[in-house]
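Here is the structure we will look at, set down as structure tokens.
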Amino acid sequence: MAASLSTLLDVHFLVPQADTKRNPFITIRQKPNNRRLNITCNSSKSSSDQSQTLFESPNPNSPSLSDQLKPLSSTTLSTTNDPHAQLLSKPKSIWINPTKPRRYVLSLQRQKRSHFSHNPDVRDFKRFARKLNDSDYSESSFMSVLEQIPYPVTRENALFILNSLKPWQKTHLFFKWIKTHKLFPLETIFYNITMKSLRFGRQFELIEELANEMVSNEIELDNITYSTIITCAKRCNKFNKAVEWFERMYKTGLMPDEVTYSAILDVYGKLGKVEEALTLYERGIASGWKPDPVTYSILAKMFGESGDYDGVRYVLQEMKALGVQPNVIVYNTLIEATGKAGKPGMARSLFEEMLDSGFTPDEKTLTAVVKVYGKARWSKDAMELWEKMRSNKWPMDFILYNTLLNMCADLGLEEEAERLFEDMKGSEHCRPDSWSYTAMLNIYGSGGKADKAMLLFDEMSERAIDLNVMGCTCLIQCLGKAKRIDDLVRVFDLSVNKGVKPDDRLCGSLLSVVSLCEQISDASKVLSCLQKANSKLVALVKLVEEEQTNFETLKSEFRDVIRNTVVDARRPFCNCLIDICRSRNLHGRAHELLYLGTFYGLYPDLHHRTADEWSLDVRSLSVGAANTALEEWLGTLAKFVQRNEALPELFSAHTGAGTHKFSQGLANAFASHVKGLAAPFRHSENRAGSFVANREDLVDWVQSRIPSAVSP
DNA sequence: CTAGGGTTAG
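This is the structure we're talking about:
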């Protein structure tokens with residue numbers, strides 16, 4: 001793929017670069033983040049990441065900036081060879097410099113479609129098409145029905161049938177039938193219609209076969225052919241093929257129109273090649289193209305995928321500059337993109353602007369907005385939105401319902417979720433599915449409502465809705481917290497028997513229950529579940545609990561388990577192991593595990609030091625791990641005090657403010673631990689979720705405890 | 001899906 005940019009820029013476009021200096025229209029608009037300066041070949045990173053490449057030496061495979069900016073006149077087609085040369089005389093568009101011949105990367109006129117007329121006998125053919133569609137799948141029975149085709153089989157009738165058939169196999173068979181019977185010459189449109197059907201079946205190989213057949217039979221490939229090929233390749237994730245056919249189009253001298261052009265723009269977007277897409281876009285603009293909303297939807301989606309706020313702003317700015325009005329889809333994409341870029345306020349104003357412009361939001365709009373509000377923890381806005389949805393009778397679908405439920409789970413809105421869930425049960429088209437149940441189990445799990453969770457579990461069996469692995473994880477967490485170990489074992493065994501494949505998160509959940517078990521007998525019941533899912537992890541637990549275990553053995557087994565664990569579950573595993581140690585009074589082992597976790601990079605942001613302040617951030621730690629980390633830290637500080645080394649004015653520990661309704665635990669546990677140690681940390685008044693101590697108090701405290709060491 | 005491009009869920 002790395003070659004595409006250079007080929008597009010240097011060979012196939014065969015056009016001079018837009019003169020942005022002389023072009024008053026372009027110069028007023030800024031590319032996001034000065035993108036011009038950091039063109040990279042594989043720009044899948046976000047714009048902020050890309051800034052790192054700003055001063056690096058250029059990739060030898062990618063054209064240098066000056067290469068890209070130099071006029072390509074030496075390699076271009078001459079003006080007179082340009083099939084669209086007449087466009088050069090396009091009268092006084094303000095941004096076209098009339099003294100400078102301009103080359104075009106796309107045709108400003110969309111390919112016209114010839115519409116085929118309906119015959120009087122279309123009714124017969126309609127009936128016959130239905131018969132073919134109802135026929136058996138096999139080639140032989142399709143062909144036997146086909147023998148009864150009404151007459152005359154004119155070009156129009158054949159096109160009508162071709163257009164009506166599905167699935168793709170039947171379209172393809174009928175196409176071959178037309179070909180063998182040679183009733184009339186196969187024009188481009190026959191190929192185009194057939195390819196479209198093949199695209200539904202994602203049959204890229206067959207499409208390519210037809211395209212090559214067109215080339216060898218000298219049947220013209222037009223913009224419709226190319227855009228169909230390109231979008232099929234895209235849907236089959238054959239992006240290199242999409243680019244290849246786009247380049248082939250230029251080679252044959254055919255200009256893409258805006259449909260084909262935006263199709264390839266989307267290919268670059270899907271590849272995360274932001275620079276390339278922008279270059280294409282700008283060259284289109286420089287050709288005098290006024291893109292339609294589809295193009296901006298593609299660009300907005302691309303920026304949304306990388307969470308690029310500057311990019312989203314660029315899209316808005318461009319639309320405004322060119323006077324393109326967004327439609328519902330563009331608004332949907334923009335709202336989604338601003339949400340992903342972490343700008344909920346912007347997303348909300350876009351939504352309001354959309355309503356003010358008289359648009360009715362659809363399911364996708366509302367799903368996007370709900371996600372934004374949930375992520376931003378804007379419960380009030382979310383609930384107001386829900387009321388509006390009901391009173392305006394805006395459309396709902398089950399994805400929107402499930403998104404609302406997930407949002408309630410994130411915000412801890414149990415009653416609201418229950419109301420929604422009841423709504424779903426009473427609805428015709430949005431009955432709760434396994435995702436809905438998972439969201440409810442999540443809510444009950446976080447809220448410690450084991451009874452309600454078990455009722456749902458039973459209800460799922462009655463309704464034959466499968467519990468998925470996440471639902472199982474939530475339920476197990478919930479039952480573990482409620483100390484209902486026998487129910488937990490029953491749920492686990494039933495789920496596994498029904499085909500739930502335990503993943504690392506589920507194992508983490510079981511492990512955390514082990515740390516909560518006060519009775520050895522309970523712990524061993526849970527461990528026997530874990531044994532079936534991850535026996536190595538159980539072996540590690542045994543090793544951790546065994547006082548005789550030497551550190552090197554622990555280290556190598558720990559590394560082994562962590563290496564075979566998905567990244568997201570690694571820190572939770574270590575947290576739980578530490579909690580197990582703390583609950584078994586194995587404090588030394590807990591410190592060893594914290595050391596190993598830090599050593600293997602599971603706690604990368606635990607410590608921060610500036611000249612004025614040293615801080616400890618335990619927000620991603622469990623209670624036991626946080627306490628262990630605090631002890632470790634105080635021990636280190638004590639050594640500093642004893643050695644009379646330079647200390648900052650302020651010390652702080654961050655436990656998080658617990659914005660989540662159910663997540664107050666860490667701060668409370670931390671406070672009581674601090675109290676137990678009589679350490680001089682106090683809740684910070686101006687920083688929620690932080691404990692602070694000043695140097696003087698801390699030094700006094702350490703000295704009062706000397707010579708007894710603070711930490712092991 | 002009436003020859004071609006864009007949007008929704010842990």
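So the first sequence is numbered by full-length UniProt numbering: it starts at 1 and just counts up by one. Ideal Cβ placement from N, Cα and C applies to all residues, glycine included. Small disclaimer: the values here were computed from a predicted structure and weren't measured.
Cα-Cα separation, residue i to residue j
i	j	result
Asn550	Ser528	25 Å
Glu428	Asp381	27 Å
Trp289	Ser306	26 Å
Ile562	Gly676	33 Å
Ser131	Ile189	Before going further, note that residue 131 is Lys rather than Ser in the sequence given. Approximately 23 Å, taken between the alpha carbons.
Val145	Phe175	15 Å
Arg687	Leu666	16 Å
Leu198	Lys112	22 Å
Gln519	Lys525	10 Å
Lys238	Leu554	46 Å
Glu318	Trp378	30 Å
Asp397	Leu404	11 Å
Leu698	Ile329	58 Å
Met354	Pro395	16 Å
Ser391	Leu400	16 Å
Lys196	Arg313	35 Å
Pro648	Arg559	35 Å
Leu411	Leu594	31 Å
Thr279	Asn534	50 Å
Gly311	Trp245	28 Å
Glu557	Asn575	16 Å
Cys41	Tyr331	Bear in mind that a pLDDT of 35 at Cys41, under 50, signals an unreliable position, so the number given afterwards is only what the model happens to contain. For Cys41 and Tyr331, the distance between alpha carbons rounds to 30 Å.
Leu69	Glu276	Any reading at Leu69 must be qualified, since the residue scores a pLDDT of 27, below 50, and its modelled position is unreliable; no value is offered.
Thr231	Leu206	14 Å
Arg484	Tyr373	35 Å
Ile229	Tyr268	15 Å
Beta-carbon gap between residue i and residue j smaller than 8 Å
i	j	result
Thr225	Asn192	yes
Glu258	Asp308	no
Leu221	Thr194	no
residue 750	Val491	With the chain represented from 1 up to 712, any question about residue 750 goes unanswered, as that position is not in the structure.
Met454	Asp493	no
Phe204	Phe160	no
Asn406	Ala376	no
Leu106	Tyr296	no
Leu173	Phe128	no
residue 720	Val544	This structure leaves residue 720 out entirely; the chain is present only between 1 and 712.
Ile335	Phe359	no
Buried or exposed (CB count within 10 angstroms, at least 16 for buried), residue i
i	result
Lys364	buried
Ala464	exposed
Glu208	buried
Phe184	exposed
Asp266	buried
Ala286	buried
His608	exposed
Pro432	buried
Ala337	buried
Lys536	exposed
Lys241	buried
Tyr603	buried
Arg123	exposed
Arg570	buried
Gln52	With a pLDDT of 26 at Gln52, under the threshold of 50, the predicted position of this residue should be treated as unreliable, and no value is reported.
Lys273	buried
Phe200	exposed
Ala477	The sequence shown places Gln at residue 477, not Ala. Label assigned to Gln477: buried.
Opening and closing residue of the beta strand (DSSP E) in which residue i lies
i	result
His608	607-609
Asn694	690-694
Ser617	A small fix is needed here, since residue 617 is Asp in this sequence, not Ser. Unbroken beta strand (DSSP E) run through Asp617: 613-617.
His587	Counting along the chain, His587 falls outside any beta strand (DSSP E), though it belongs to the alpha helix (DSSP H) covering 587-599.
Ala653	650-654
First through last residue of the alpha helix (DSSP H) which encompasses residue i
i	result
Phe239	239-251
Phe190	188-200
Asn157	155-164
Any non-hydrogen atom of the ligand FMN within 7 Å of residue i CB
i	result
Tyr309	Judged by which ligands are present, the structure shown has none, so any question about the ligand FMN falls away.
If we count Cβ pairs, one from each stretch, closer than 8 Å, do we get three or more for the region 320-328 versus the region 337-348? No: the two stretches stay apart, fewer than three of their Cβ pairs being nearer than 8 Å.
Check whether the region 495-515 and the region 465-483 are in contact - that is, three or more C-beta pairs closer than 8 Å. yes
Count the C-beta pairs between the region 578-591 and the region 604-618 that are closer than 8 Å, then say yes if the count reaches three, no if not. Under the 8 Å Cβ criterion, the region 578-591 does not count as touching the region 604-618, having fewer than three qualifying pairs.
At a cut of 8 Å, does the region 625-635 reach the region 585-604 through at least three beta carbon pairs? yes
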